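In the numbering used here, the protein residues as written are 275 to 516.
The beta-carbon is built from N, C-alpha and C at its ideal position, and this holds for glycine as well.
Quick caveat: nothing in here was measured; it's all calculated off a predicted structure.
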Amino acid sequence: MRKLHWSILKRLYRLRPRFAVYQRLERRWLLDNRNWIDQQLIIRRPYEVAQVARCRALIREHGLQAFFDIGANFGLYSVLLAREPGLTEVHAYEPLPRNADQLCANLFLNALDGRVHVNNQAVGDHAGACELFVDPGSTGVSTLIPDESHRDQRAYQSVVTVQTVVFDDQHPLTATRALIKVDVEGAELQVLRGMSRFLAANKVVLQIETTPGTQQAVEELLHDAGYRALDRIGADAYYGNL
275 MRKLHWSILK
285 RLYRLRPRFA
295 VYQRLERRWL
305 LDNRNWIDQQ
315 LIIRRPYEVA
325 QVARCRALIR
335 EHGLQAFFDI
345 GANFGLYSVL
355 LAREPGLTEV
365 HAYEPLPRNA
375 DQLCANLFLN
385 ALDGRVHVNN
395 QAVGDHAGAC
405 ELFVDPGSTG
415 VSTLIPDESH
425 RDQRAYQSVV
435 TVQTVVFDDQ
445 HPLTATRALI
455 KVDVEGAELQ
465 VLRGMSRFLA
475 ANKVVLQIET
485 TPGTQQAVEE
495 LLHDAGYRAL
505 DRIGADAYYG
515 NL
């Protein structure tokens, strides 16, 4: 019955203009009623509520100073967390141009455009150009690695060329207390390999969405780097060296 309720709401909202501004979660959002993640906010269906609350608690509990949103999509985490007390810098990485534009709009709508640094790039273990596979109906699952264990490749109807940067090159910081959220649809290992120096030189908590094909390798890499498992919420695992 509950699923029917959400389904009816989605159909009703699709009768409205595709792009519109909504007031949700005490913020203003430019949302696309044809995109899956946007639909969850539009119909007020809970989406990653526990994860956002966990991030907020981690920032406050550990006095974290920086937040890095890798795979930011339209900015759910960046918008909700950017004004957390103690945060002095927020960086959002989103390689898909369409998503990055929407992210910038949502930051502007919430007067955060001067607080969050937006990077229209992918994060990996080497710099250069790469192909990003896009599912037009759910841009949140765009991926650099569309293997069969991740998602049915038939969903990826378009490919765009994006630039990749290495996290360590972008953020040569030391003695920083940071929260890093990684949601990159199968490219978790490449992201982590590219931030090895940062992970060694700073106190960090990570929220990483893993896939069945990457979970064990991610855990081994972080264990070798001195990180321990803290928690898990759904597909999102938490690690830290605090």
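_residue 448 classed as buried or exposed, judged by whether at least 16 other C-beta atoms fall within 10 angstroms_ = Here the question's residue 448 lines up with position 174 in the sequence shown. The residue is exposed, with fewer than 16 neighbouring Cβ atoms inside 10 Å.
*asked:* Can you tell me whether residue 464 is buried or exposed? The criterion is at least 16 other CB atoms within 10 Å of its CB, across all chains shown.
replied: Taking the sequence shown and counting its residues from 1, the one referred to as residue 464 is at position 190. Buried, because 16 or more other Cβ atoms sit within 10 Å of the Cβ of residue 464.
*Determine the contact status of residue 345 and residue 478, defining contact as a CB-CB distance below 8 Å.*
Here residue 345 corresponds to residue number 71 of the sequence shown, with the count starting at 1. Here residue 478 corresponds to residue number 204 of the sequence shown, with the count starting at 1. No. Outside cutoff.
*Between 442, 349, 309, which lies nearest to residue 474 when the distance is taken from Cα to Cα?*
Along the sequence shown, one-based indexing puts residue 474 at 200. For the residues 442, 349, 309, the minimum Cα distance to residue 474 belongs to 442.
*Does DSSP put residue 482 in a helix, in a strand, or in coil?*
Start at 1 with the first residue of the sequence shown, and residue 482 comes out as number 208. Residue state, collapsed to three classes: strand.
*Taking DSSP as the reference, what is the three-state secondary structure of residue 319?*
As a position in the sequence shown, residue 319 is number 45, starting the count at 1. In this structure, residue 319 counts as coil in the three-state DSSP scheme.
*Go ahead and pull the three-state DSSP assignment for residue 384.*
Taking the first residue of the sequence shown as position 1, residue 384 is located at position 110. If DSSP states are grouped into helix, strand and coil, residue 384 belongs with coil.
_Pick from 508, 514, 513, 512 that is closest to residue 322, judged by C-alpha positions_ = Position 48 of the sequence shown, counting from 1, holds the residue named residue 322. Cα-wise, what sits closest to residue 322 is 508.
*Does the Cβ-Cβ distance between residue 263 and residue 325 come in under 8 Å?*
As shown, the chain starts at 275 and ends at 516. That puts residue 263 outside it, with no answer to give.
*Using the C-alpha atoms, what's the distance from residue 380 back to residue 374?*
On the sequence shown, residue 374 is found 100 positions in, with the first residue counted as 1. On the sequence shown, residue 380 is found 106 positions in, with the first residue counted as 1. Roughly 10 Å separates the two Cα atoms.
*What's the C-alpha gap between residue 309 and residue 370?*
In the sequence shown, residue 309 corresponds to position 35, counting from 1. In the sequence shown, residue 370 corresponds to position 96, counting from 1. Cα to Cα, the separation comes out at about 14 Å.
*asked:* Considering only their Cβ atoms, is the gap separating residue 385 from residue 377 smaller than 8 Å?
replied: Within the sequence shown, the letter at position 103 stands for residue 377. Within the sequence shown, the letter at position 111 stands for residue 385. No; because the gap between Cβ atoms is not below 8 Å, this pair is not in contact.
*Rounded to a whole number of angstroms, what is the C-alpha to C-alpha distance between residue 471 and residue 319?*
Locating residue 471 in the sequence shown gives position 197, counting from the first residue. Locating residue 319 in the sequence shown gives position 45, counting from the first residue. Rounded to whole angstroms, residue 471 to residue 319 spans 39 Å at the Cα level.
*Any idea which residues DSSP pairs residue 293 with across the strands?*
Taking the sequence shown and counting its residues from 1, one reaches residue 293 at position 19. For residue 293, which the question treats as bridged, DSSP gives the partners 306.
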